[in-house]
């Protein structure tokens, strides 16, 4: 068994984080197998692709984590694009965060990283923005990736080019343990057969569904709803990040509108009237004229959240089982650094002080 599984990485979860880690190991000549029940349900498809370390108002270790990941992303994306032949739509377009008054603006966690905009300059940056917004911050260092249409597909193709084996429709029923070591997973596959799949190292990164595999994980689903609208060409050039809703412009005039609609969600399927109303109200509060632009598509998904809104990354008490989940709204932003740290950790490579601190702060043991 050990000779058969040597240098094999079994990844449970085929979403953005799972694919990112699979890609990192596969491009470094490891045999990688990805088990995924339904990749189309992953949070990577319901994110707007914002790289919003500063516009999101992250603080403490999450702020540093985001900044470090944003530094890695250009080279990471370049490699993915070269291997896949797909342009991922990475743009440092800047993100505008509007405020009703100066008091709220100056209380914003990342205020010092932004460029102040008065109402006149706010209108210049976002033509047609609701006049209720009198002040704004422009975070020129933030941007976006077209995750749903490009990055996820590029990662899938890049992984395949490096020999990653995918098991789509694989429902993990239980982990196979021997004393304090994991051997693999018992899986109900797409054809209804129960099979055992083995690996030398196993990484759990199935997002909002992680608790179904490892019951003591404090992960719960947070539902997000999205829609896309077709605006006039170059209608907005910056991402507009409001309190409850955000508008992310793509190159083709399409604008992705997103919102988190429930604090804690069950795995209820489909769009809800509450979510659709919230999206409409969000558009109205930010860019009223956009309510008249054609709506192209609605979709939804589940983001993996922890009680402290921080990810769980690193080792478990089981010798060769690792975790990378709970990235909540920042899976796209954190994917580059998560895959980098997981590769170094599992291969026992030297970690710098910042990386060691991340693993301590985001350890499963904090719960």
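In the numbering used here, the protein residues as written are 315 to 681.
Quick reminder that beta carbons are idealized off the backbone N, C-alpha and C, glycines included.
Is the Cβ-Cβ distance between residue i and residue j less than 8 Å?
i: residue 478; j: residue 499; result: no
i: residue 669; j: residue 655; result: yes
i: residue 516; j: residue 647; result: no
i: residue 508; j: residue 632; result: no
i: residue 567; j: residue 538; result: no
i: residue 565; j: residue 403; result: yes
i: residue 437; j: residue 349; result: no
i: residue 639; j: residue 618; result: yes
i: residue 458; j: residue 360; result: no
i: residue 614; j: residue 645; result: no
i: residue 484; j: residue 345; result: no
i: residue 468; j: residue 398; result: yes
i: residue 543; j: residue 607; result: yes
i: residue 556; j: residue 506; result: no
Go through its chain and collect everything with a Cβ distance to residue i's Cβ below 6 Å, but skip five positions before and after it.
i: residue 525; result: 531 and 533
i: residue 466; result: 358
i: residue 476; result: 340 and 341
i: residue 577; result: The predicted position of residue 577 is uncertain, since its pLDDT is 48 and thus under 50; a value taken from the coordinates is nonetheless stated next. Same-chain partners within the cutoff: there are none.
i: residue 653; result: 334, 335 and 338
i: residue 511; result: 498, 499 and 501
i: residue 621; result: 532
i: residue 488; result: 500
i: residue 406; result: 457
Within the same chain, show all residues whose beta-carbon is closer than 7 Å to that of residue i, passing over the 5 residues directly before and after it, in chain order.
i: residue 676; result: 624, 625, 626, 627 and 628
i: residue 662; result: none
i: residue 541; result: 571, 593, 609, 611 and 612
i: residue 452; result: 408, 410, 428, 429, 431 and 439
i: residue 674; result: none
i: residue 651; result: 379, 382, 383 and 386
i: residue 681; result: 532
i: residue 416; result: 449
i: residue 353; result: 328, 329 and 482
i: residue 456; result: 365, 366, 367, 368, 369, 408 and 409
i: residue 473; result: 333, 336, 337 and 340
What are the start and end residues of the beta strand (DSSP E) that includes residue i?
i: residue 542; result: 534 to 544
i: residue 486; result: 485 to 492
i: residue 337; result: Here residue 337 belongs to no beta strand (DSSP E); instead the alpha helix (DSSP H) covers 330 to 340.
i: residue 502; result: 495 to 502
i: residue 617; result: 609 to 619
i: residue 628; result: 626 to 629
i: residue 646; result: That residue, residue 646, is in no beta strand (DSSP E); its alpha helix (DSSP H) goes 645 to 660.
i: residue 638; result: 635 to 639
i: residue 479; result: 479 to 482
i: residue 323; result: 322 to 326
Mind reading off the beta-carbon distance from residue i to residue j? Whole number of angstroms is fine, and I expect it under 8 Å.
i: residue 513; j: residue 323; result: 6 Å
i: residue 448; j: residue 433; result: 5 Å
i: residue 338; j: residue 616; result: Actually they do not touch by this definition, with Cβ atoms about 24 Å apart.
i: residue 391; j: residue 471; result: In fact, because the Cβ distance is near 14 Å, the residues do not count as touching under 8 Å.
i: residue 394; j: residue 519; result: That belief does not hold up - the Cβ atoms of residue 394 and residue 519 are roughly 17 Å apart, past 8 Å.
i: residue 678; j: residue 630; result: 6 Å
i: residue 642; j: residue 527; result: With 8 Å as the limit, residue 642 and residue 527 do not qualify as a contact, their Cβ atoms being about 18 Å apart.
Which residues bound the alpha helix (DSSP H) around residue i?
i: residue 531; result: Unbroken run through residue 531: none, as it is neither H nor E.
i: residue 595; result: 587 to 600
i: residue 392; result: 374 to 398
i: residue 422; result: First-last for residue 422: undefined, no H or E at that position.
i: residue 674; result: 667 to 675
i: residue 474; result: 466 to 475
i: residue 436; result: 433 to 439
Go through its chain and collect everything with a Cβ distance to residue i's Cβ below 8 Å, but skip five positions before and after it.
i: residue 548; result: 567
Hey, would you say the C-beta of residue i is under 7 Å away from at least one heavy atom of the ligand PLP?
i: residue 623; result: Ligands in the displayed structure: none, and consequently the ligand PLP is not present.
Using 8 Å as the Cβ pair cut-off and three pairs as the minimum, do the region 593 to 603 and the region 558 to 575 touch?
-> Counting Cβ pairs under 8 Å, three or more are found: they touch.
Give a yes or no on contact between the region 366 to 380 and the region 409 to 424, applying the rule of three or more CB pairs nearer than 8 Å.
-> Contact check between the region 366 to 380 and the region 409 to 424: three or more CB pairs, one atom from each, fall below 8 Å, which counts as touching.
At a cut of 8 Å, does the region 328 to 338 reach the region 416 to 423 through at least three beta carbon pairs?
-> Taking 8 Å as the limit for Cβ pairs, the verdict is that the region 416 to 423 does not touch the region 328 to 338.
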